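Student: Order-wise, the sequence lines are chains A and B.
Using this note's numbering, the letters of the first sequence map in sequence onto residues 1 to 1078.
Using this note's numbering, the letters of the second sequence map in sequence onto residues 1079 to 1454.
For glycine and all other residues, C-beta sits at the position ideal for the given N, C-alpha and C.
Note that this is a predicted model, so its numbers are computed, not measured.
Encoded as structure tokens, here's the structure I'll be asking about.
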Amino acid sequence: MIGSGPIVIGQACEFDYSGTQAIKALRAEGLEVILVNSNPATIMTDPELSDRTYVEPLTPDALEKIIEKERPDAILPTVGGQTALNLAVTLDELGILEKHKVELIGAQIPAIKVAEDRLLFRDAMKEIGVEVPESGVAKTLEEALEIVERTKFPAIIRPSFTMGGVGGGIAYNLEEFKEIAGRGLSLSPVHEVLIEESVIGWKEFELEVMRDGADNFVVICSIENIDPMGVHTGDSITIAPALTLTDKEYQRMRDWGRRIIRRVGVETGGSNIQFAINPDDGRMIVIEMNPRVSRSSALASKATGFPIAKIAAKLALGYRLDEIPNDITRVTPASFEPTIDYIVTKIPRWNFEKFPQADRTLTTQMKSVGEAMAIGRTFKESFLKGIRSLELGKEGSLFRRPAADGDDAVTSPEEEEAALRRKLVVPNDRRMWELFRALDLGWDIEKLHELTNIDPWFLQQFKEIVELRKTAEMIGLRDMSHDLMRTLKRAGFGDKELSEILGVNETAVREKRQELKLKASFKRIDTCAAEFESFTPYLYSSFEDACEADPTDRQKVIILGSGPNRIGQGIEFDYCCCHAVFGFKHEGFETVMINCNPETVSTDYDTADRLYFEPLTFEDVMAVIERERDGNVDVSCVVQFGGQTPLKLALALQEAGVNILGTSPDSIDLAEDRQRFNQLLWDLGIPQPASGTATSRAEAREVAAKVGFPVVVRPSYVLGGRNMAIVYDVATLDRYMTGAVDVSHDRPILIDRFLEHAKEIDVDCVADATGTVVIGGIMEHIEEAGIHSGDSSCVVPPPFLSDKHVATIRDYTRRIARALKVVGLMNTQYAIKDDTVYVLEVNPRASRTVPYLSKANGQPLAQIAARVMAGKSLAELGVTDDLTPAGMFVKSPVFPFVRFPGVDTILGPEMKSTGEVMGGAGSFGMAFIKAMLGAGQRLPESGAVCITVNNDDKNDVLPIAQGLVALGFEIIGTRGTAAYLRAHGVDCSVVYKVNEGRPSLADEIVNRRISMVINTPHGRESFFDDKAVRRAAMMAGIPCITTITGAAAALEAIRALKTEGMEVRALQDYYSAVAANQ
Amino acid sequence: MNAILALEDGTWFQGVSAGAPGHTEGEVVFNTSMSGYQEILTDPSYAGQIVTMTAPQIGNYGVAETDVESGKPQVAGFIMRDLSPVASNFRALGSLRDYLTRHNIVAIGDIDTRALTRKLRSAGVMRGIIATGTIDPAQLVEKTRQIAHMEGSDLVKDVTCKAAYDFKTSLADAVDEATYGIAPLRRAKRPLRVAAYDFGIKQNILRRLAAHGCEVRVFPASTPAADVLAWKPDGIFLSNGPGDPAAVTYAIDNIKELSKTDVPTFGICLGHQLMGLALGAKTYKLKFGHRGGNHPVKQLSSGAIEITSQNHGFAVDPDSLPSNVKVTHLNLYDGTVEGLRHTDKPMFSVQYHPEASPGPHDADYLFQEFLDEMEK
Ligand SMILES: Nc1ncnc2c1ncn2[C@@H]1O[C@H](COP(=O)(O)OP(=O)(O)O)[C@@H](O)[C@H]1O
Ligand SMILES: Nc1ncnc2c1ncn2[C@@H]1O[C@H](COP(=O)(O)OP(=O)(O)O)[C@@H](O)[C@H]1O
Ligand SMILES: [Mg+2]
Ligand SMILES: [Mg+2]
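Now the structure itself:
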């Protein structure tokens, strides 16, 4: 089985969910499962899940080595996203499948080709009388230009065989067309783009369909996109079931679906088919079909309770749909079509704030990094629950008065109107909020439909929400009647939103509500609209009469999930939540999961004993806790595993009398609160970079003067290094302070001395109530401090750290953990500068690196932590010594830059990576090169390396240049660097910088003259645009290394590549080797 | 305006009026289709029944001229979670609410339809009343207990046509059929005369027969077999319809007569139950019936699965079948009989709705099988 690799935009943890389901299903059939996936932060790569687990790069040669070693009978390529599908195609083309007699199951090559090759697909559709947009396929820009003559503007450009529409786009004029088509051609693995007639503004729908070997066909779920054609489904707010189709229209779509899956030839499994319908005359066309489980099928599974991936795996083994039981009803078979009696809303979450230069326009290329799903009995309820599931804070509120809006306040009504129109016409991540603002200003539905093409039915629903808001505001809380409050709650308004609307605090609303005896009840997701009894407690809240939760009286623990994926809080935390569940189950608890991210394993109804698909807000969590308490047992809550999301709730929950297991909320606060934490370290005598806090320019200058430049500045309480900057001078500091948003005395700006050229180290440990602390691993960063821990590669065990420092770090970690009375996990970040170990920060919770360490050690850290929180001591669990890795393991990040033209790829203290891969080997070099490969970076074995570094780095880069020469590389340098290297006996030629003359370095990269670039930034916005170089390199797909330490690692990796040659090894083998040695 | 739904078991729901004002009574049933409320409302098989849609958002795409299965809504009453005030579809002629009001259908909205459905699922279908305005629930509950039971009541006589007529597709019908219907597997080699017994026939059955090249004459339910045979039909069709099949004795007698001839006969839903009874089988009432568009049915000859459109409260008892009648289709939900075929007469029938509308088109092949029989 092939996994989907690192988390990237368009391919997130939904494939961990589907893959995990598939593995379980296959093993239940007694098959031996061999898994290949480069992403360690997945449940599917847990060593006990598969028989053999290869955390290796998803490249043809790695795969062939594994095939040679394991001799599998078949490959299942349909649950690992586009990555697995493309890899399967390549393996076939290279004749590897045939050579080793491996058959493909799930989808055959011809079917994959018909579905993925836009041209073949178009012709196949015409053959069966299914309409597709006018289109043509081009392999060159010239061909593309000819085609667009026919298909006209706006033109849709889609590269073949790319996922999430990478490199695609909409062109409104020739200039744009040339740019996008050019980019598409280079990004398509087969250098081919489809130029297509635009149907922008049509209604967009998806069908999730399944077919078995006996040609039985079912539709699992229909999905409607609120954002019409032109916005990628992954960037659209979508709902299930489709709500604006007559039965006639829907059945026609279903008939087409059956014809399409038959013609494409997907014999068994699930497929996703996208349709567009012209709202004016009902004309329907098909957009594409994905012959595999997809993001949408994960959504459909969660939306209906029908486990598509699991069933798909069984079908691939030859089962018929009617031979597979429906887990939820038990009595009925899987050969049916789920019918649902609630509305599901999926809302994407974007991270544009991290890429200021990125274009926020939403097009045919997906840009969101995560999504939240919400369930309600009506569309309004579901939609409003979805909005609050996004955790956008103030930004997320649909009900802020225009005045409260920072950006375009104080403009004339005309300007305001024009500005608003623009924001509504051009789809962007904030459009829904702008839409509510327009409704607020009284714009009517016709006008809004004209501007957005959103179906009037949805606009009507939004309008009703706004009207309700206005009524509530008018009446006020004191005079609010039972009926009005009931109506508001049934429409999905949260206590928090109401408190904003009514200008009171949340508690007041909550008390009023309780006084009116209004509380949430819970309904079950049962695939059949209550026609049959449901045996799985998969629940959602609604303000209805009857409640179906019926909690048990078992001792139970509630695990709070991590909500929608976002940069800085992704799959790693879902992995930890799942392991918390396993741990507590092990200790005999009934486990209750609350989460709202449909992509995850934690929201699989058979992960926890009970699943509540709910927003992670105080109100929604308390509702579940109160309901579960009716089982007359005390309910404990766990906040340590879901990242910052549950942590933010810890204090409030505790104040509400909820028992929080593990590290106390007070200790959590102690670690988060600057003053208190500094004091603690001072008492422990553990060094920390000099620091201070400021709320004004003047104060900032003072602090800076005290601690000395350069400094790191950031707002308090941030995650993923949000708004964090390294400041070298007073002027920049002033600018930062002026720009800084909502600074106040309880939320000051934090200013730390920036430790330049310091080595950074991450440590995860688990501690129990007896004060025993076990260190899970000491991770040495490749990049130096200043680059966010989530963005730098790291390695265990630390190859370059002195024993002295390792000892110090162990000692500090233990003392801090004990001082904070940590029970469970703790993550600490250190920096070493001038032989001193400094503490950068402490997070008394599960961290991003826990899954990676668990794979490296073969010990499920998060699970151990959960069992400790359940009351076991580490001694009782038999883990008392610090854990040691079973080999050399490197973790490397993966970045979304390729999707954001114009964004600089340089790294800093603000995290930008979406995912990670792991490489393992006996030596650091080999482990590193595997990590590089896994992350899609192919390091060269020969050719020309261009070096262009700033002055501070020149003498450190010298040994690297010499090393490269020794390995037979040609060295090219920009003027300064070249002069320096020559002066030190490295023979190297000179190339122009960008803006210095041409052909410039960027040109040479495009000309494929250069196989690797080593470029450390020449300070802020230097005239010689490094940025252009880094982008050129990325677009050309050649490695561009931006740190000296990274370059050193690369050198060692290349050396290893040339001397050792790559080997593959299953995790199970690493572990057994270690066991053998003991 | 407020409205109340009261049930015979004593429970009642407070909601809002969603259709015509007033008071209506009937057997409360639920339908799990996610689309097709207009087809359901106008399906004569629902006569005497108050229908709950389990899908919560109803009325979104309004009502269209051609999405009707008969001249007017036939349900006794209608229950929804949330009724849309607007109609959003290019074919829509108006909102569902106006449509219900215009046709005097009493309806209730904004109640916990899932709670109601679970009640009907566990207690079985119940008699109930919807009343608008301010009324005493306790009294309503009392009233529900006087409502006549479905068992033993012939509802066909109220919905069948008064006189025989020849079916002609309207232009609008034809256009929609072309856009949304599916191409028949084949058309009749020559125009075939089909005599359709109207027990409450759905328009789309007539459309499908016509699409397959049949000339259809529709006869009132009580038409003697002799009169039908006098028209020299190539085949006889027994339609769907409301109520208890066992109570429609005259139809059973006529079908007995017809079964003595060798005229190919095809029955759907009530027609299927009547054929079963005429051939000597028994029928019984299901706890809460089958109403929806997602029921899996297995064709025993091929093992193929059809996702079917269903609407029935009674079923044929397999143990009561004479040896010359075989079960051809089974319901995979509960194993009930979904299809019958006579071993030595060209007679066959299905419990579900191959004409769909609303629902999937999987079973359309049955019309072709009817052609095959007629052309033998
Ligand atoms: N011809 C078209 N006109 C307008 N929008 C289109 C067209 N084709 C695709 N799109 C939009 O682009 C999005 C992505 O296209 P799709 O074919 O689904 O690519 P992907 O493989 O990335 O899902 C679709 O969801 C749709 O909104
Ligand atoms: N005083 C400092 N000196 C050098 N680098 C620092 C300093 N403080 C933070 N950093 C860098 O910034 C990154 C993010 O800071 P951190 O406190 O970990 O924020 P977050 O809570 O977002 O992880 C760290 O990984 C480290 O590389
Ligand atoms: Mg798509
Ligand atoms: Mg695709």
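Is there a Cβ of chain B sitting closer than 8 angstroms to that of A:E910, yes or no?
Tutor: False, the Cβ-Cβ gap to chain B never drops below 8 angstroms.
Student: Starting from the beta carbon of B:D1254, find every residue of chain A whose beta carbon is closer than 7 angstroms, and list them in chain order.
Tutor: Within 7 angstroms Cβ-Cβ: K248.
Student: Got a sec: which bits of the segment 282-300 of chain A sit with their beta carbon under 8 angstroms from any beta carbon on chain B, in order along the chain?
Tutor: Hits within the stretch, in order: G282.
Student: For chain B, find out if any of its Cβ atoms is closer than 8 angstroms to the Cβ of A:V535; answer yes or no.
Tutor: Reading off the sequence, residue 535 of chain A comes out as Phe, not Val. Not closer than 8 angstroms to any Cβ of chain B, the Cβ of A:F535 fails to qualify, so no.
Student: Quick one: give me the first and last residue of the beta strand (DSSP E) that B:T1130 is part of.
Tutor: Run containing B:T1130: Q1127 to M1131, per the beta strand (DSSP E) assignment.
Student: Taking contact to mean 3 or more Cβ pairs, one atom from each stretch, closer than 8 angstroms, check whether the segment 1271-1278 of chain B and the segment 1212-1226 of chain B are in contact.
Tutor: No: the two stretches stay apart, fewer than three of their Cβ pairs being nearer than 8 angstroms.
Student: Could you check if A:A403 is buried or exposed, using at least 16 other CB atoms within 10 Å of its CB as the buried criterion?
Tutor: Residue placement at A:A403 is poorly supported in this model, since its pLDDT is 49, which falls under 50; the coordinates still yield a value, given next. By the 10 Å Cβ count, A:A403 comes out exposed.
Student: Quick check on this structure: which residue in A:L207, A:R674, A:G925 and A:R867 has the alpha carbon closest to the alpha carbon of A:C576?
Tutor: Measuring from the Cα of A:C576, the nearest candidate turns out to be A:R867.
Student: Return helix, strand or coil for A:A403, following the three-state DSSP convention.
Tutor: Only weak support is given to the placement of A:A403: the predicted model assigns it a pLDDT of 49, under 50, and the question is left unresolved by the model.
Student: Output the distance between the C-alpha atoms of A:D408 and A:R421, rounded to the nearest integer angstrom.
Tutor: Note that A:D408 scores a pLDDT of 48, beneath 50, so its modelled location is shaky; the value from the coordinates is reported in the next line. Taking the straight line joining both Cα atoms gives about 13 angstroms.
Student: Going along the chain, which residues of its own chain have a beta-carbon closer than 7 angstroms to the beta-carbon of B:Q1217, five neighbours each way excluded?
Tutor: Result list for B:Q1217: empty, nothing under 7 angstroms.
Student: When burial is assigned at 16 or more other CB atoms within 10 Å of the CB, is A:V331 buried or exposed?
Tutor: Its Cβ having fewer than 16 others within 10 Å, A:V331 is exposed.
Student: Can you tell me where the alpha helix (DSSP H) holding B:L1249 begins and where it ends?
Tutor: Unbroken alpha helix (DSSP H) run through B:L1249: L1249 to Y1258.
Student: If you run the structure through DSSP and keep just helix, strand and coil, what is B:P1374?
Tutor: Strand.
Student: Please tell me whether A:Q644 has its Cβ less than 8 angstroms away from any Cβ of chain B.
Tutor: By this cut-off, A:Q644 is not an interface position.
Student: Take the Cβ of A:Y172 as the centre, count every other Cβ of all protein chains shown within 10 Å, and call the residue buried at 16 or more, exposed below.
Tutor: Its Cβ having fewer than 16 others within 10 Å, A:Y172 is exposed.
Student: Below 8 angstroms on C-beta distance, what does B:I1128 contact in chain A?
Tutor: Going along chain A, no residue has its Cβ under 8 angstroms from B:I1128, so there is no contact; the nearest lies around 17 angstroms.
Student: Taking all protein chains shown into account, do 16 or more other C-beta atoms lie within 10 angstroms of the C-beta of A:S562, making it buried, or fewer, making it exposed?
Tutor: Buried.
Student: Using 8 angstroms as the Cβ pair cut-off and three pairs as the minimum, do the segment 1309-1327 of chain B and the segment 1337-1346 of chain B touch?
Tutor: Short answer: they touch.
Student: Nearest by alpha-carbon distance to A:T813: which of A:G1037, A:I775, A:F532 and A:V79 is it?
Tutor: Among A:G1037, A:I775, A:F532 and A:V79, the Cα nearest to that of A:T813 belongs to A:I775.
Student: Taking any Cβ of chain A, which residues in the segment 1376-1388 of chain B have a Cβ under 8 angstroms from it, in chain order?
Tutor: Here the close residues are K1376, G1381, A1382, I1383 and I1385.
Student: When you compare the CB of B:L1444 with every CB in chain A, is at least one pair closer than 8 angstroms?
Tutor: Chain A, which has no Cβ nearer than 8 angstroms to the Cβ of B:L1444, makes this no.
Student: Using 7 angstroms as the cut-off, classify the Cβ of A:E288 as near or not near the heavy atoms of ligand 3, replying yes or no.
Tutor: Yes, ligand 3 has a heavy atom inside 7 angstroms of this Cβ.
Student: For A:E1021 and A:K1027, what's the separation of their Cα atoms in angstroms?
Tutor: Unreliable placement is indicated for A:E1021, whose pLDDT of 48 sits below 50; the coordinate value is still reported in the next sentence. Distance between the alpha carbons of A:E1021 and A:K1027 is about 9 angstroms.
Student: Per DSSP, what kind of secondary structure is A:R701 in: helix, strand or coil?
Tutor: If DSSP states are grouped into helix, strand and coil, A:R701 belongs with the helices.
Student: Beta-carbon within less than 7 angstroms of B:A1084's beta-carbon, same chain only, minus the 5 sequence neighbours each way: which residues are those?
Tutor: Same-chain partners within the cutoff: W1090, G1206, I1207, P1215, L1218, V1219 and T1222.
Student: Determine, using beta carbons only, whether A:P748 comes closer than 8 angstroms to chain B.
Tutor: Answer no: the Cβ-Cβ gap between A:P748 and chain B never drops below 8 angstroms.
Student: Beta carbon of A:Q357: closer than 7 angstroms to some heavy atom of ligand 3?
Tutor: For ligand 3, not one heavy atom lies less than 7 angstroms from the Cβ of A:Q357.
Student: Using the rule of at least 16 other Cβ atoms within 10 Å of the residue's Cβ for burial, across every protein chain shown, is A:Q481 buried or exposed?
Tutor: The question names Gln, but residue 481 of chain A is Ser in the sequence shown. So A:S481 counts as exposed.
Student: Give a yes or no on whether the C-beta atoms belonging to A:L670 and A:L825 are separated by under 8 angstroms.
Tutor: Going by C-beta atoms, A:L670 is not nearer than 8 angstroms to A:L825.
Student: Which word fits A:L424, buried or exposed, when buried means at least 16 other C-beta atoms lie within 10 angstroms of its C-beta?
Tutor: That one is buried.
Student: Kindly indicate which three-state DSSP category A:D479 falls into: helix, strand or coil?
Tutor: In this structure, A:D479 counts as coil in the three-state DSSP scheme.
Student: Which one or two residues does DSSP pair with B:V1184 in a beta bridge?
Tutor: B:A1098, per the DSSP bridge assignment.
Student: Chain B partners of A:R252, CB-CB under 8 angstroms?
Tutor: Simply T1257 and Y1258.
Student: Excluding sequence positions up to five away, which residues of its chain have a Cβ less than 6 angstroms from the Cβ of A:T42?
Tutor: Once the five neighbours on either side are set aside, the close Cβ partners of A:T42 are D16.
Student: List the residues of chain A that B:L1410 touches, going by C-beta distances under 8 angstroms, in chain order.
Tutor: Within chain A, the residues near B:L1410 are D322, T332, P333, S335 and F336.
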